[in-house]
Each structure stands twice: as structure tokens, then as C-alpha cells.
Amino acid sequence: MTTRERVAQLIKIWPKVYPDAHTELDFRNPLQLLVATILSAQSTDKRVNMVTPALFTKYRTARDYAVGLTKHKDPEKIERDLMKLVPREHWTDWSHWLIWHGRRRCYARKPDCSNCEVFRLCPSGKVFLRTGAAKKPDAKPA
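Residue numbers for the sequence shown follow the numbering used here, so the first one is 4 and each next one is one higher.
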């Protein structure tokens, strides 16, 4: 399955799984949203250091973390790749779906692959199975 085909499948599945996806930040105007978004990306070193030992044990290379939608590391190149893959009318929803999926199913420390609606579309799922970080899901339509 090509990357473009995987994206098309995700666009079909995620609206059903996360029909109410939206930003969970509190804001009243675009400036407040910008500030809240920047702050939400931050965490304390202490907290990061609490979670990274287990994470680094399971996922040793950048490829282990990759969803496979781009090969670039530069944020602007990644954005350009995604803009080519995701139809313009889905850009905002796509962002919310990714965030909601990460918060509700694909947890950083222990992804819930056994209940994942898009497991068969996820190259990282194979890594999680191989490392024992996840159970193989029952057959689910995608």
C-alpha cells in the first residue's frame, strides 16, 4: 500500500473514530491559541527524564518512531510532504485526528495496538509487536 493510499484510508477511518476531534486548548482568539499551542509543546526536563528511559529502551532508532508519511526531518519539508498527501479540506481535521489518536489510542509509553482501528496501516505497529510493547489486535476492518 502506498503512503497516499494509507492516508486516504486514515481519512476514511478517523472521522468515524474521532467524530468530535477538536483542539482541547482553552483560548478566545487566534493569539491565545498560538500561545497555548506553543506552551503545550513544552514540558519540564524532570518530567521528560521520568518517561524517556522506558521509551528509549523500546525504541532505539528514529525509524522505530516513524509513521512513514515522510522521510524528512526538517519541519518545513515534513509539512510540505503532508500537504501533498492530505487533501486541503482535511488539513485542520488531520491535525486534530493525529492529536486525538495519540491521546486516546497511541499512547507514547504504551500504545494500545490491540484496540487500534488503524493498526494495519501503521508501520510502527510492527515494531511495537516485535519489542513486546503491544499485543496484536483482533482483525479489524480498516
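Backbone N, C-alpha and C define an ideal beta-carbon position, used for all residues, glycine too.
### Query
Going along the chain, which residues of its own chain have a beta-carbon closer than 7 Å to the beta-carbon of L88, five neighbours each way excluded?
These residues qualify, in order along the chain: T6, R7, V10, L72.
### Task
Check the C-beta distance from A57 over to R112 and give it rounded, since I have them as a contact under 8 Å.
With 8 Å as the limit, A57 and R112 qualify as a contact, their Cβ atoms being about 6 Å apart.
### Query
Looking at the unbroken alpha helix (DSSP H) that takes in M86, where does it start and where does it end?
M86: member of the alpha helix (DSSP H) spanning 78-88, first to last residue.
### Task
Look up L28 in the DSSP assignment and say whether it is helix, strand or coil.
DSSP places L28 outside both helix and strand once states are collapsed to three, so it counts as coil.
### Task
May I have the straight-line CA-CA distance separating S127 from A24, to the nearest angstrom?
One C-alpha to the other measures close to 23 Å.
### Task
List the whole-angstrom C-beta distance separating L36 from L124, where the pair is believed to meet the contact cut-off of C-beta under 8 Å.
The beta carbons of L36 and L124 sit about 30 Å from each other, so the pair does not count as a contact at 8 Å.
### Task
Indicate the three-state DSSP secondary structure (helix, strand or coil) for H104 in the structure shown.
Of the three classes helix, strand and coil, the one that applies to H104 here is helix, per DSSP.
### Query
Which class does G71 belong to by DSSP, given the choice of helix, strand or coil?
Looking at G71 - three-state DSSP - the assignment turns out to be coil, as it is neither helix nor strand.
### alpha helix (DSSP H) segment containing P18, residue limits
Start and end: 6-20.
### Query
Mapping DSSP to helix, strand and coil, what is G128?
It is helical.
### Query
Near W103, what residues of its chain come up, given a Cβ to Cβ distance below 7 Å and the 5 sequence neighbours on each side ignored?
Y21, A24.
#### Entry: Nearest to E27 (by Cα), restricted to the options S117, L101, P114, D77
Of the candidates S117, L101, P114, D77, the one whose C-alpha sits nearest the C-alpha of E27 is L101.
### Query
By DSSP, does C116 sit in helix, in strand, or in coil?
If DSSP states are grouped into helix, strand and coil, C116 belongs with the helices.
### For D48, three-class secondary structure by DSSP
Because the pLDDT at D48 is just 49, under 50, the model does not fix this residue reliably, and the point stays unresolved.
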